[in-house]
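Structure record follows, encoded as structure tokens.
Residue numbers (my numbering): 17 to 1117.
Structure (structure tokens):
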């Protein structure tokens, strides 16, 4: 089988591929119920309801007589299975009518599930792998087989008990938990993995563990950063602490193992191997196990042998053997479901290439219909806060970042442990035009009593939230363009409906998006089943090899973690397909390169958050290669990295009606042969009457509701990812609906795919077969350059009593220019008289409002004595005069990474001072000539009564700074062309292209060229009286820039382009404030002028 997705395309298909973003693999995962759709358990005649104990008992006896259903119940619900067998044995004494009714309805739900719901679960539904081919083929055999694993939660109980045996510990390797942090004198573990004696029914572990961070504990953890044999660790601690008694050291280590500060190799690494055999093999290496350990070891050997015998039997033929197997496992450790069973179906399914092409087209369409966001909405506020605190050049170790005592803490909404962040603002509402278009669709369906609407091209154009051509987004991404790109890969889960195989081959089919629509990683659904058949491993591996990344030079890395719920670890137990892994709470995987969690740093660009492997500086794209819900199950560190892996990508979304989803009915939405959304009926009217309506009253309510809203006989009762097919003509099914309504407030009724077309009796009936199709983004250059920030391990943060006095001065944004011209110079002068030797300012806006950040440097005794008193008094006077609203102290955390590293910091701060003083001079100059009509060189760029503006001065200042920094070395990787020794043309050329020069430049290009000519020595500007004053104001600043350029190049920590770009941004910040539009226009004008001079010189040479 081939996973590449390029085999067998017709000419039409090739054209379709060119019009789509994604390419589907040649293989897909088929999911289907184990039992045939009919006949199902026999139901009583109409008039006999579940309130009849005899009818309920008869149904339970029928279930006991069905070998497959009986075996499936024994695995899925031991208590219900026991009651079914009790009733079948005529032992009903003590069973109330209510209990019989509840059991009968539960068994009926399981029976319907086994015949109609395709989600894999034990013996109810299984999987196979299908292929796209030239013609369709569907053959269903009976040689289904199971694969039985030990349940990970049950096995964790077993290993936790075994770890208490000193003999077992001697045979193990141990390693420190990857998520340990130190807080004061405590060693903290904020996400301990699920423990054996789970405190909650679902296996959830404790919220936090902490121990005293003594020298011995610190040494033990340091020695176990990587796996180390337990006896070796004991020897190393003994050598380091020779006075400590050996038995005390062993007792301490045993306690650290019990607290999960240390993780042992006895625990399965969740790497896709067989967890039971892993534990069995480790126990076989124990030299002198205790009698209890030997008893467990022998029991595990028997379980291993007996499960293989059970798996050799077809489903339905091994119910007694399964019961014995379950009983033997429970004898080792009590648990309702100690075994985890998956079923491989004996099904051969081939679908025509036209189906694949329809799915590719639909995936691209759903991407266009999705919101044009960058990654997940959950991180948008966290991204903003990261930039506010750390800037765009600093890498912060992920554990430091997530610790609320040392970093930002977890993003709002994170739950393991609970985030302390205030809830993030609600997401931005969808575009009004999109909501109106959807409302029109819903209204049309109700007015015309139509169950289906087929979208026209015009309607699709209205529904797309932006007009960008998503397919072309990746083609221009190598320019570093801002904006999200199509995600690297995804999965789409669909149901294919056709009258028969011939119709399918002939292109007469429909494809329905499933209630569980897919994932954001190709191969995630298949991963759990990859070892069910040896032939499936290569297609699975190929999917991951061929999935691109969206960052140049980055590598994908799997995430592995012990889940919050012990049971969910069965889904997390998958092969690290990338060959690299970041583990949290699980032992290292032998077959993968382990990247330590402590070695992962988080950074940010203006567009996205990034993850970087600190030892190598290489950006990584963390991925979750399975279907575990990271928001529900992952420790905060793993969840954050997973969400960062999706940053910068535009993610596809299923159809979303928004507020209209609360309407009593919304129609099916179709585009071509793809159904984007099924028809849905809300059940609010029935929910309101269900508690009091019984028997005939309930039947009348259901009939009236169906009549009002044209509800078909067959519907899917859907809540979250669960669905149950109901036949509303049958009384017992109507009772199932009434039973579920009060317990599931989000329950809805959804059409059954194919029912509207009358195709439910066909061999490919939609409700019985579902396929999961992996898709990868078509080849295109990576959208983003590698992140260039770096981590400074020891950094000086200047706070109270430090070398810098840093203030936030709050006030009106419109009043800042006047404050800078008239008041701030006096403050600086008074501060200098009392010991300040340098200073600078910048404009900023935070949640408290607009403000100036004023920073003063000097001797600590002067700063926090005479300077603080003088400046404080002056600020109080400003507040009394109404110049400012107030002020606050704020720490100054130098952006070392942004301006060339620690060695260049002093030179950078000197540039800040000079640029601040130049800004004050330029603002005073602009204010002085504000009413004078432009004359001389200025008349070419400005006309009318208005004088020279701060924007004009910013153009000159930016061009002067870029020129002063000096030209980069030839062949600089970020330069679009060789500019020789013209630094201004080189660096400003990085800010945009000729295509996006502002109109202000195009309309007066000659005037701007005359005004802005740093390479030529500013001939026109220096001859102008006002211009000469501008250049004089910039002279000291430009000299400081030249010194910084030398220091930054010698240090080599920050790319030159990043330093220059940051300096240009701060020029605009100080002169103009935070307007992105103004900054873009200023840089565009400066770029156009210096590039025109460059091209003129080339032409003349």
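Using N, Cα and C, we set each Cβ at its ideal position, and we do this for glycine too.
Determine whether the beta carbon atoms of residue 798 and residue 570 lie at a separation below 9 Å. Working through the chain shown from its first residue, we reach residue 798 at position 782. Working through the chain shown from its first residue, we reach residue 570 at position 554. Taking 9 Å as the Cβ cut-off, residue 798 and residue 570 qualify as a contacting pair.
First and last residue of the uninterrupted alpha helix (DSSP H) at residue 454: Taking the chain shown and counting its residues from 1, the one referred to as residue 454 is at position 438. Note, residue 454: alpha helix (DSSP H), 448 to 463.
On the premise that residue 69 lies in contact with residue 113, defined as a C-beta separation below 8 Å, what is that separation, rounded to the nearest angstrom? For this step, residue 113 is matched to residue 97 along the chain shown. For this step, residue 69 is matched to residue 53 along the chain shown. Indeed, because the Cβ distance is near 5 Å, the residues count as touching under 8 Å.
Over what stretch of residues does the alpha helix (DSSP H) that includes residue 894 continue unbroken? The count along the chain shown starts at 1 and reaches residue 894 at position 878. Run containing residue 894: 884 to 896, per the alpha helix (DSSP H) assignment.
Relative to the alpha-carbon of residue 105, which residue among 943, 77, 933, 958 has its alpha-carbon at the smallest distance? Numbered from its first residue, the chain shown carries residue 105 at position 89. Of the candidates 943, 77, 933, 958, the one whose C-alpha sits nearest the C-alpha of residue 105 is 77.
Opening and closing residue of the beta strand (DSSP E) in which residue 1161 lies: For the chain, the structure presents residues 17 to 1117; residue 1161 sits outside this window and is missing.
Is residue 574 near residue 555, with beta carbons less than 9 Å apart? As a position in the chain shown, residue 574 is number 558, starting the count at 1. As a position in the chain shown, residue 555 is number 539, starting the count at 1. Going by C-beta atoms, residue 574 is not nearer than 9 Å to residue 555.
Looking only at its own chain, which residues have a Cβ that is under 7 Å from the Cβ of residue 528, when we skip the five neighbours before and after it? What you label residue 528 is simply residue 512 of the chain shown in a count that begins at 1. Annotation for residue 528: 510, 511, 513, 691, 694, 769, 782 place their beta carbon closer than 7 Å to its own, counting only its chain and skipping 5 residues before and after.
Quick one: grab the DSSP three-state call for residue 586. For the purposes of this step, residue 586 is identified with residue 570 of the chain shown, where counting begins at 1. Residue 586 falls in the helix class under three-state DSSP.
Excluding sequence positions up to five away, which residues of its chain have a Cβ less than 7 Å from the Cβ of residue 649? Position 633 of the chain shown holds residue 649. Only 579, 580, 581, 584 meet the Cβ criterion.
Compare the beta carbon distance of residue 870 and residue 972 with 9 Å and say whether it is the shorter of the two. Along the chain shown, one-based indexing puts residue 870 at 854. Along the chain shown, one-based indexing puts residue 972 at 956. At a Cβ-Cβ threshold of 9 Å, residue 870 and residue 972 do not count as neighbours.
Collapsed DSSP secondary structure at residue 547 in the structure displayed: The sequence position of residue 547 within the chain shown is 531, counting from 1. DSSP places residue 547 in coil when its eight states are reduced to three.
If residue 433 and residue 206 are in contact, beta carbons under 8 Å, what's the gap, nearest whole angstrom? Mapped onto the chain shown, residue 433 falls at position 417. Mapped onto the chain shown, residue 206 falls at position 190. So it is a contact: roughly 5 Å between Cβ atoms.
Relative to the C-alpha of residue 181, which candidate in 1070, 246, 123 has its C-alpha closest? Indexing the chain shown from 1 puts residue 181 at position 165. The option with the nearest alpha carbon to residue 181 is 246.
Minimum C-alpha distance to residue 363 - residue among 156, 475, 295: Indexing the chain shown from 1 puts residue 363 at position 347. The shortest C-alpha separation from residue 363 is found at 156.
Rounded straight-line distance, which links the Cα of residue 824 to that of residue 405: Translated into positions along the chain shown, residue 405 becomes position 389. Translated into positions along the chain shown, residue 824 becomes position 808. Distance from the CA atom of residue 405 to the CA atom of residue 824, rounded to whole angstroms, is 14 Å.
Under the three-state reduction of DSSP, which class applies to residue 532: helix, strand or coil? In the chain shown, the residue the question calls residue 532 occupies position 516. Three-state DSSP puts residue 532 in a strand.
Output needed for residue 497: all residues of its chain with C-beta closer than 6 Å, excluding positions within five of it in sequence on either side, in chain order. In the chain shown, residue 497 corresponds to position 481, counting from 1. The pLDDT assigned to residue 497 is 33, lower than 50, so where the model puts this residue is not dependable, and the model offers no usable value.
Cα-Cα separation, residue 41 to residue 368: Locating residue 41 in the chain shown gives position 25, where the first residue counts as 1. Locating residue 368 in the chain shown gives position 352, where the first residue counts as 1. Cα-Cα distance, rounded: 13 Å.
Closest to residue 1114 by C-alpha separation, out of 1096, 343, 1023, 994, would be which residue? One-based indexing of the chain shown puts residue 1114 at position 1098. Considering only alpha carbons, the answer is 994.
Kindly indicate which residue of 1017, 159, 88 has the alpha-carbon position closest to the one of residue 357. One-based indexing of the chain shown puts residue 357 at position 341. Per the Cα distances, 88.
Residue from 345, 297, 678, 543 with nearest C-alpha to residue 560: If you number the chain shown from 1, residue 560 lands on position 544. It is 543 whose Cα lies nearest to the Cα of residue 560.
At which residue ranges does the region 27 to 102 contain complete alpha helix (DSSP H) runs of 4 or more residues, listed in the order of the chain? 27 to 34, 69 to 81, 83 to 92
Look at the Cβ atom of residue 71, then the Cβ atom of residue 653, and state whether they are nearer than 9 Å. Taking the first residue of the chain shown as position 1, residue 71 is located at position 55. Taking the first residue of the chain shown as position 1, residue 653 is located at position 637. Their beta carbons are not under 9 Å apart, which means residue 71 does not touch residue 653 by this criterion.
Length-filtered (4 minimum) alpha helix (DSSP H) runs lying within the region 325 to 350: 335 to 348
Across the region 114 to 129 and the region 737 to 757, are there enough close Cβ pairs to call them in contact, namely three or more that are closer than 8 Å? yes
How far does the beta strand (DSSP E) with residue 787 in it extend, from its first residue to its last? Counting from one through the chain shown, the residue named residue 787 turns up at place 771. First-last of the beta strand (DSSP E) with residue 787: 786 to 793.
Within 10 angstroms of its Cβ, does residue 14 collect 16 or more other Cβ (buried), or is it exposed? Absent from the model: residue 14. The displayed extent of the chain is 17 to 1117, so no value can be given.
Measure the Cβ-Cβ separation of residue 315 and residue 344 and say whether it is below 9 Å. Mapped onto the chain shown, residue 315 falls at position 299. Mapped onto the chain shown, residue 344 falls at position 328. Yes, the pair counts as a contact, with Cβ atoms nearer than the cut-off.
Quick one: give me the first and last residue of the beta strand (DSSP E) that residue 279 is part of. By 1-based counting over the chain shown, the position of residue 279 is 263. Per DSSP, residue 279 belongs to the beta strand (DSSP E) from 278 to 280.
Determine the DSSP secondary structure at residue 153, reduced to helix, strand or coil. On the chain shown, residue 153 is found 137 positions in, with the first residue counted as 1. Residue 153 falls in the strand class under three-state DSSP.
So, does the region 821 to 838 touch the region 860 to 870, judging by three or more C-beta pairs under 8 Å? Touching, per the Cβ criterion.
Under the rule that 16 or more other beta-carbon atoms within 10 Å means buried, what is residue 536, buried or exposed? Position 520 of the chain shown, counted from the start, is the residue given in the question as residue 536. So residue 536 counts as buried.
Mark residue 898 as exposed unless 16 or more other C-beta atoms lie within 10 angstroms of its C-beta, in which case mark it buried. Counting from one through the chain shown, the residue named residue 898 turns up at place 882. Exposed, because fewer than 16 other Cβ atoms sit within 10 Å of the Cβ of residue 898.
Measure the C-alpha to C-alpha separation of residue 214 and residue 323 and round it to an integer number of angstroms. The residue you call residue 214 lines up with position 198 of the chain shown. The residue you call residue 323 lines up with position 307 of the chain shown. Summary for residue 214: the model assigns pLDDT 40, below 50, so the residue's position carries little reliability, and this model does not support an answer.
Below 8 Å on the Cβ atoms is my guess for residue 2 versus residue 176; work out the distance and round it to an integer in Å. As shown, the chain starts at 17 and ends at 1117. That puts residue 2 outside it, with no answer to give.
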